[in-house]
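Numbering (our numbering), first residue to last: 494 to 645.
Below you can see the structure in the form of structure tokens.
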């Protein structure tokens with residue numbers, strides 16, 4: 494005798510189908526937020542002079558790069574996990590996040606180039622760290638808007 498699906502099973506399957514992408518979306522959003530906070534933490538260490546030596550600057554720069562790469566990957570996952578009915582609503586916001594990540598990447602590359610010099614300019618290093626921090630804050634704001642729009 495074949496197995497028949499009754500109504501409670503169908504309700505469970507429907508809930509599973511609708512909730513799973515939302516869970517994935519919130520998990521990815523949390524991961525992206527963690528990476529953003531790490532980027533801001535390491536950029537602030539440079540900006541406010543907590544890292545005083547060249548070696549500490551390089552270490553913080555490497556951490557910024559690592560977490561920036563991860564944040565970009567998580568943003569791509571976030572973009573893919575946005576429910577289809579909200580994709581048009583958040584398209585502008587995702588483009589802004591990508592633009593801010595590119596801006597942060599540009600300043601990170603400039604920071605690395607400055608640190609590769611034999612005698613780096615401390616003010617330039619702090620400027621690039623400040624710009625990285627500002628770009629990531631703007632990206633976080635846009636990701637918050639995306640999250641708010643998809644939770645309606």
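Each residue gets a CB set at the ideal place from its N, CA and C atoms; glycine is no exception.
May I ask you to report which of helix, strand or coil DSSP gives residue i?
{"i": "residue 583", "result": "helix"}
{"i": "residue 558", "result": "helix"}
{"i": "residue 545", "result": "coil"}
{"i": "residue 591", "result": "helix"}
{"i": "residue 551", "result": "helix"}
{"i": "residue 610", "result": "coil"}
{"i": "residue 521", "result": "helix"}
{"i": "residue 575", "result": "coil"}
{"i": "residue 503", "result": "Residue placement at residue 503 is poorly supported in this model, since its pLDDT is 45, which falls under 50; the coordinates are not used for a value here."}
Where do the ends of the alpha helix (DSSP H) carrying residue i lie?
{"i": "residue 637", "result": "615-643"}
For residue i, which option in the options has the closest C-alpha, if you only look at C-alpha atoms?
{"i": "residue 435", "options": "622, 638 and 528", "result": "The displayed coordinates of the chain run from 494 to 645. Any statement about residue 435 would go beyond what the structure contains."}
{"i": "residue 558", "options": "587, 597, 571 and 577", "result": "597"}
{"i": "residue 600", "options": "536, 526 and 577", "result": "536"}
{"i": "residue 634", "options": "530, 517, 562 and 518", "result": "530"}
{"i": "residue 620", "options": "539, 520 and 532", "result": "539"}
{"i": "residue 611", "options": "517, 547 and 518", "result": "547"}
Kindly give me the distance between the Cβ atoms of residue i and residue j, rounded to whole angstroms, as I take these residues to be in contact under 8 Å.
{"i": "residue 567", "j": "residue 627", "result": "The Cβ separation is near 20 Å, so there is no contact."}
{"i": "residue 631", "j": "residue 554", "result": "The pair is not a contact, with the Cβ atoms about 20 Å apart (cut-off 8 Å)."}
{"i": "residue 643", "j": "residue 583", "result": "7 Å"}
{"i": "residue 639", "j": "residue 586", "result": "5 Å"}
{"i": "residue 528", "j": "residue 560", "result": "5 Å"}
{"i": "residue 521", "j": "residue 570", "result": "5 Å"}
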